[in-house]
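Asks: Numbered according to the working numbering, the sequence shown spans residues 4 to 72.
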Amino acid sequence: MRLSDIEDATGVAITAEDCETFIGFVFQKLGIVPKDGDVNIELEVDNLRTTIDKIKEHRVEHAVLEILK
4 MRLSDIEDAT
14 GVAITAEDCE
24 TFIGFVFQKL
34 GIVPKDGDVN
44 IELEVDNLRT
54 TIDKIKEHRV
64 EHAVLEILK
């Protein structure tokens, strides 16, 4: 999903460098590409909490976005 789509849907401005997709942004902030089977990876940036619940073939299968107050 594109960062601009997330920003439009949430109303939260995301500070990103050289990223167009949300998952690319998350991986950049984590500093790693999670391995298959990694679960419950959490990241808080720009009033958003992202929890990655499922990784398969080095791709995010399921993630939850939460707007922080």
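Just so you know, even glycine gets a beta-carbon here, dropped at the ideal spot from N, CA and C.
Which runs of the alpha helix (DSSP H), 4 residues or longer, sit entirely within the region 17-51?
Replies: Within the region 17-51, the complete alpha helix (DSSP H) runs of at least 4 residues are 25-33.
Asks: Between Ile58 and Gly40, how many whole angstroms is the CB-CB distance? I'm expecting something under 8 angstroms.
Replies: Right, their Cβ atoms sit about 7 angstroms apart.
Asks: Which class does Glu60 belong to by DSSP, given the choice of helix, strand or coil?
Replies: DSSP places Glu60 in coil when its eight states are reduced to three.
Asks: Taking the alpha carbon of Glu20 as the point to measure from, which residue in Glu60, Val63, Phe28 has its own alpha carbon closest?
Replies: Nearest C-alpha to Glu20: Phe28.
Asks: Using a threshold of 8 angstroms, state whether the C-beta atoms of Glu10 and Ala16 are closer than that.
Replies: In contact: Glu10 and Ala16 (Cβ atoms closer than 8 angstroms).
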